[in-house]
Amino acid sequence: MSTPTTTNRQAGQITALVALALWAMAALQPLVWQEAADGTRLPQYLIDLPPAWLAVLAGLAAAGLGLRPTARRGSWAGIALSSLAALGWLQLPPAQASAGAGAGFWLGVLALGGLALLSVQRGAALEGRRGDQALAPLLFGLWVIYAWQLLVVALEVPRVLLPPPALVLEALRSHAALLGGDFVQTVLKAVLLGWAGGSALGFAVAVAIDRQPFLQRGLLPIASLTSTIPLVGVAPIAVMWFGFEWPSKAAVVVLMTFFPMLVSTLAGLKSAGRLERELMYSYAAGYGRTLWSLRLPAAFPFVVGALKVNATLALIGAIVAEFFGSPTSGLGFRISTEAARMNMALVWAAIAVAALTGSLAYALLVRLERRVAFWHPSVRSR
Amino acid sequence: MDTIDPRSDPKSGGRLLPLTATVLVIVLLWYALTVWLNGPGAIERVLAPKGPWSWQDLVLSSWTLQRPVLPAPHQIAADFWSSLVDWPIDSPRNLLFHVAVTGQSTLLGFAMGTALGAVLAVLIVHSRTLDRALLPWVVASQTIPVLAIAPIVLVILGSLGFSGVLPKAVIAMYLCFFPVAVAAVQGLRSPQRIETELMHTYAASAWQTLWLLRLPAAWPFIFPALRVGVAAGLVGAMVAELPTGAQAGLGSRLLTGSYYGNTVQIWSALLMASLLGLLLSSAMAALEKWALRHRSRT
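Protein chains in written order, with this note's numbering: chain A, 72 to 453; chain B, 734 to 1031.
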């Protein structure tokens, strides 16, 4: 199912019209209430603020471009002008927390919301070139971060509640060494070793019991049962047994990743078609040869699927296990202690590190899947 | 994420014998392991003060040790049973009390997560913009570990005046919505082109197509996701109880057990959590069976 592109290209005209009207109204209203020395509040209009002219001009142009369906170049121009307007608005005093916001400022924010919608829509309608797929999610993410920054500062949300992204970035930079140590402790030691160990073990056991129907029928129900069991619960036990250092975290990760890999690999080994198997048989291929040349390659997408699921599970397991006791480093340790100290910027920075790690691992595995299993129908159809 | 095949139907013929054998082997290994792990502690704390001892004494005392490294299955069973029977149901020493607390936030979070997942899926299926802009972020959201966002959710909701069950339910929701959203997108898109075109020739509105064609086609995809989602919600609810320092709930049982080195308590809480997870997902399986009872499995 896919809606024709023509209807899509034309969508958003009303949004553009509304944005146009909002920019025009914003230009007429007081943008900023400046506190004077004697305590009176003076309105400042568009004329007084050069960044605001720039923003309104760019915004009007972007909305104007949105009035009509555009081709690739027009869409890019609209996106660029919208970004320019957004950056200009970010320079205004209310967005820097140095003065009160007027009605014009909020009208401009609404207009920017319209432009955000419009640019994501245009970004999503682009296709045919490399990188087009990534444009719409990227724009969406950037607009969300922009709205977060603008609104948190302009609405004066307390920093202990929700720090603006600029502050998180600042924390990320100033505590880079600390977070780097946490990354090594949690990801490179506990998660990576546990993930590799648990997955390898699950894979090995699956291949080993592949020829034992009795063992399979006994183990498989238990293995699939574990998906309904909160295995993270073994974290306190692992900490008791293996101590506070990373081996206890790796042990939890091994346990959490073992069963999904076992179940997926067994399913994958069974996924080779009857026709192919009979062909191997007619070639007089033995068990080992069939396994190596047919069944393991056929199982590969299942194995990568389990690796992807396991990557997320491993991060969760290690971070939860750190909650039950850890040396004084590690992402989970950092998050729980800094949250207790209400140092939210650093908490968000640690989360950003964890999220980036998780997304990167996922992306790498998808790439690996495409590289190695390019022939498989589940990969080709994408 | 791996795809969910609605047609996978485990055949349950001739499983009893292998299953019992496997469980038996696991229990035997467990008892052997308790001797190995608890032996040194048993010698030090029980046997050595009394003088000479035989291997039978060692085995027996390592199976009945107080605060063992690895409790024997019968110790866990005894603690589990006594917590169910010996205490009134509203006492914090009764595990059912904790089940009620955790189950409540799990179910609320599950309901919220299912609703969120369904709404997202409908929007994604109907809007190409959202499909391309939002779906990657839905996937990315799951690479953020839950426990990481739990303290933040608690702080933000706490400052807005929400406390108690809602913050925990929000964290459970965060884990629940993903499988539902992904499976529902897949299911709502499963009708063939010829079927959607038929609806088009009937001049059916998008709403009617959704209600009469897409949704019925999506149910076999959605139900397995509900099973996965409710189990994920339980993990979320338990994890959410950790940073709150909650007094009640299975997660807090784990936490207090680990603080006081009470291993038997940890294991019986774990057993209870497993049973709750099983109960919830088999309830979903039963619901699936009932709802799809008129469909022939092909």
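C-beta: ideal position from N, C-alpha, C; glycine also. Here the structure is a predicted model, which means the values were calculated and not measured.
Can you pull the chain B residues whose beta carbon is under 8 angstroms from the beta carbon of residue i, in chain order?
i	result
leucine 467 of chain A	Nothing about residue 467 of chain A can be reported from this structure: the residues present for chain A run from 72 to 453 only.
List, in chain order, every chain A residue whose beta-carbon is nearer than 9 angstroms to that of residue i.
i	result
methionine 932 of chain B	Within chain A, no residue comes near methionine 932 of chain B; the closest Cβ sits about 11 angstroms away, beyond 9 angstroms.
leucine 1074 of chain B	The question about residue 1074 of chain B has no answer, for chain B in this structure spans 734 to 1031.
alanine 964 of chain B	Ser298, Thr299, Ile300, Pro301
valine 972 of chain B	Pro301, Val303, Ile387, Val391, Phe394
Indicate whether at least one CB of chain A lies closer than 8 angstroms to the CB of residue i.
i	result
leucine 761 of chain B	no
tryptophan 944 of chain B	no
arginine 1028 of chain B	no
serine 1014 of chain B	yes
glycine 920 of chain B	no
alanine 936 of chain B	no
alanine 873 of chain B	yes
proline 773 of chain B	no
arginine 778 of chain B	no
proline 957 of chain B	no
threonine 996 of chain B	yes
leucine 975 of chain B	yes
valine 818 of chain B	no
isoleucine 809 of chain B	no
proline 884 of chain B	yes
isoleucine 999 of chain B	yes
Taking C-beta pairs closer than 8 angstroms, name the residues in chain A that residue i reaches, listed in chain order.
i	result
glycine 1010 of chain B	Thr299, Ile300, Pro301
alanine 1006 of chain B	Ile300, Pro301, Gly304
arginine 826 of chain B	Near arginine 826 of chain B there are no residues of chain A at all, since even the closest Cβ is about 19 angstroms away, more than 8 angstroms.
tryptophan 870 of chain B	Pro208, Phe211, Gly212
glycine 990 of chain B	Pro307
methionine 906 of chain B	Near methionine 906 of chain B there are no residues of chain A at all, since even the closest Cβ is about 16 angstroms away, more than 8 angstroms.
alanine 866 of chain B	Val191, Gly194, Ala195, Ala207, Pro208, Leu210, Phe211
proline 821 of chain B	What proline 821 of chain B touches in chain A: nothing, since even the nearest Cβ is about 25 angstroms away.
Does the Cβ-Cβ distance between residue i and residue j come in under 8 angstroms?
i	j	result
glutamine 998 of chain B	phenylalanine 954 of chain B	no
alanine 1006 of chain B	leucine 983 of chain B	yes
valine 224 of chain A	alanine 170 of chain A	no
glycine 251 of chain A	valine 325 of chain A	no
glycine 403 of chain A	threonine 257 of chain A	yes
leucine 921 of chain B	valine 858 of chain B	yes
threonine 835 of chain B	methionine 971 of chain B	yes
proline 208 of chain A	alanine 844 of chain B	no
isoleucine 904 of chain B	glycine 1010 of chain B	no
How would you label residue i, buried or exposed, when you count the other beta carbons within 10 angstroms and need 16 or more for buried?
i	result
glutamine 875 of chain B	buried
arginine 244 of chain A	exposed
threonine 847 of chain B	buried
glutamate 440 of chain A	buried
serine 824 of chain B	exposed
valine 127 of chain A	buried
isoleucine 927 of chain B	exposed
threonine 77 of chain A	At threonine 77 of chain A, the pLDDT of 43 sits below 50, so the modelled position is not reliable; the number obtained from the coordinates is stated separately. Threonine 77 of chain A should be labelled exposed.
tryptophan 1023 of chain B	exposed
glutamine 789 of chain B	exposed
lysine 341 of chain A	exposed
isoleucine 822 of chain B	exposed
Measure from the C-beta of residue i to each C-beta in chain B and report whether the shortest distance is under 8 angstroms.
i	result
leucine 367 of chain A	no
isoleucine 150 of chain A	no
isoleucine 280 of chain A	no
glycine 184 of chain A	no
isoleucine 390 of chain A	yes
glycine 130 of chain A	no
threonine 399 of chain A	no
isoleucine 454 of chain A	Outside the displayed range of chain A (72 to 453) lies residue 454 of chain A, so it cannot be described from this structure.
Name the chain A residues whose beta carbon is nearer than 7 angstroms to that of residue i?
i	result
glutamine 837 of chain B	Those do not exist, as glutamine 837 of chain B stays about 16 angstroms from chain A at its closest Cβ, beyond 7 angstroms.
valine 968 of chain B	Pro301, Val303
alanine 1024 of chain B	Result: empty, since nearest Cβ-Cβ is about 20 angstroms, beyond 7 angstroms.
Give the interface partners of residue i over in chain B, defined as CB-CB distance under 9 angstroms, in chain order.
i	result
tryptophan 312 of chain A	Leu770, Val802, Leu803
valine 325 of chain A	Residues of chain B passing the Cβ test: none, with the nearest at roughly 16 angstroms.
serine 146 of chain A	Per Cβ cutoff of 9 angstroms: no residues; serine 146 of chain A is ~13 angstroms from chain B at best.
If the cut is a Cβ gap below 7 angstroms, which residues of chain B does residue i touch?
i	result
isoleucine 216 of chain A	Those do not exist, as isoleucine 216 of chain A stays about 12 angstroms from chain B at its closest Cβ, beyond 7 angstroms.
alanine 426 of chain A	Thr876, Ile877
glycine 159 of chain A	Ordered by position in chain B, no residue passes the 7 angstroms Cβ test against glycine 159 of chain A, which lies about 24 angstroms from the chain.
*Does the segment 937–949 of chain B come close enough to the segment 988–1002 of chain B to have 3 or more Cβ pairs within less than 8 angstroms?*
no
*Between the segment 857–873 of chain B and the segment 1011–1021 of chain B, do at least 3 Cβ pairs fall closer than 8 angstroms?*
no
*Are the segment 140–153 of chain A and the segment 178–193 of chain A touching by the rule of at least three beta carbon pairs closer than 8 angstroms?*
As far as the Cβ criterion goes, the segment 140–153 of chain A touches the segment 178–193 of chain A, which means the pair count is three or higher.
*asked:* Pairs of beta-carbons, one from the segment 372–382 of chain A and one from the segment 306–317 of chain A, closer than 8 angstroms: are there three or more?
replied: no
*Taking one C-beta from the segment 747–758 of chain B and one from the segment 274–292 of chain A each time, how about it: are there three or more such pairs within less than 8 angstroms?*
yes
*Taking contact to mean at least 3 C-beta pairs separated by less than 8 angstroms, is the segment 233–248 of chain A in contact with the segment 296–310 of chain A?*
no
*Can you find at least 3 beta carbon pairs, one from the segment 400–419 of chain A and one from the segment 356–365 of chain A, that sit closer than 8 angstroms?*
no
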